[in-house]
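Residue numbers (the numbering used here): 2 to 357.
A virtual CB, placed ideally from N, CA and C, is assigned to each residue, including glycine.
What follows is a short report on a single structure.
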């Protein structure tokens, strides 16, 4: 890192299964670099996380997620001496204390109830400069007890934020352009990171089977993005294009061109789909936040929630295909839930801490 520049260290919880925290941090890192070209940015990352990497940033590999890597995180913090350490759903109080003792500011990012609660615990507030509370609901607010706790720790603050969304880039689709269906004609099936299994079966394979069922019954071409964490075989056919993985910017563009989408209910992927405003089937896969998100959005009429079963996923997608009025209603409700992108604001908060 350039020692004359601000130095920011990002520690996402992502490992061999989930990758949402990493891609959120990657989006923030790119926005931070856009706002400050001289910023030095590094990641602490599980060495087995098969995720997109950006050659502009440094990567320090751990044998586990930051929360479980213990002293290895503290050693890296002391060696790198960053101005800000960003813990996204990961990290321990003693690691935060070590960061403060090394002269860094500490940022905690949460988008799940339990992680949000952790960010307001007194023993963590003592070492925490900023808690970014990501909430995908249209109405966001701090609860009374959260405001009361913050009043007891004037050195710590909390900011409410909509989800972080990687910018969609149609140019990122060029490697697959000749194989993709024409815009607004195909269905897109994306489980997310692709590292989860259900009853011993990789989730991407469930999505692939459902896509093939959908294509056979609808006559429409489907695209399945297996996810960066999926390590199994990839086999396309005339009706279904199977793509092992895509950059986050390409995923957003692919969603924006789809007639409909079937996706895992992760925070970032859901936000990307909502930004694209396409009729949506949401599937709760990994993470404690996903069932509640899928249920909440289905109750609001902004998406259809479905179980991770090939027949049920295909049936839900076929329902959208065969009921144009339903598809229009889903998009109308979805537009009411759109919250905008938070990357610019969060990145500015982090840079302000780094410069202070």
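Burial state of residue i, where buried means 16 or more other Cβ atoms lie within 10 Å
i, result
"residue 106", "buried"
"residue 185", "exposed"
"residue 294", "buried"
"residue 144", "exposed"
"residue 239", "exposed"
"residue 329", "exposed"
"residue 90", "buried"
"residue 163", "buried"
"residue 176", "exposed"
"residue 323", "exposed"
"residue 309", "buried"
"residue 200", "exposed"
"residue 32", "buried"
"residue 156", "exposed"
"residue 149", "exposed"
"residue 25", "buried"
"residue 258", "buried"
"residue 179", "exposed"
"residue 50", "buried"
"residue 72", "exposed"
"residue 139", "exposed"
"residue 114", "exposed"
"residue 41", "buried"
Proximity of residue i and residue j at Cβ, strictly below 8 Å
i, j, result
"residue 318", "residue 282", "yes"
"residue 189", "residue 262", "yes"
"residue 101", "residue 187", "no"
"residue 68", "residue 14", "yes"
"residue 182", "residue 222", "yes"
"residue 303", "residue 335", "yes"
"residue 244", "residue 225", "yes"
"residue 219", "residue 241", "no"
"residue 52", "residue 12", "no"
"residue 314", "residue 306", "no"
"residue 78", "residue 124", "no"
"residue 350", "residue 160", "yes"
"residue 356", "residue 7", "yes"
"residue 21", "residue 66", "no"
"residue 320", "residue 327", "yes"
"residue 99", "residue 174", "no"
"residue 118", "residue 154", "no"
Integer Cβ distance of residue i from residue j, believed to fall under 8 Å
i, j, result
"residue 191", "residue 272", "Their Cβ separation, rounded to whole angstroms, is 13 Å, which puts residue 191 and residue 272 out of contact at 8 Å."
"residue 55", "residue 43", "No, residue 55 and residue 43 are not in contact; Cβ-Cβ is about 11 Å, not under 8 Å."
"residue 229", "residue 195", "6 Å"
"residue 48", "residue 63", "6 Å"
"residue 325", "residue 211", "Between residue 211 and residue 325 the Cβ distance is about 21 Å, and since that is not below 8 Å, they are no contact."
"residue 286", "residue 204", "5 Å"
"residue 348", "residue 36", "6 Å"
"residue 120", "residue 193", "Residue 120 to residue 193, Cβ: 24 Å. No contact."
Any chain D beta carbon closer than 8 Å to residue i
i, result
"residue 198", "Looking for chain D here will not work: only one protein chain is present."
Task: At least three beta-carbon pairs within less than 8 Å, the stretch 115-132 to the stretch 85-100 - done: yes
Open item on the list: Tell me whether the stretch 241-259 and the stretch 169-178 touch, counting them as touching only if at least three CB pairs, one residue from each stretch, are closer than 8 Å.
Closed with: yes
Task: Cβ contact check for the stretch 283-292 and the stretch 231-242: 3 or more pairs under 8 Å - done: no
Open item on the list: Ignoring anything shorter than 4 residues, give me the alpha helix (DSSP H) runs that lie fully in the stretch 150-236, in order along the chain.
Closed with: 204-219
TODO: Let me know the alpha helix (DSSP H) ranges lying completely inside the stretch 78-112, each 4 residues or longer, listed in chain order.
DONE: 94-102
Task: Inside the stretch 239-307 only - beta strand (DSSP E) runs reaching at least 3 residues - done: 241-244, 261-265, 281-284 and 305-307
TODO: Ignoring anything shorter than 3 residues or poking outside the stretch 25-80, list the beta strand (DSSP E) runs there in chain order.
DONE: 41-47 and 59-63
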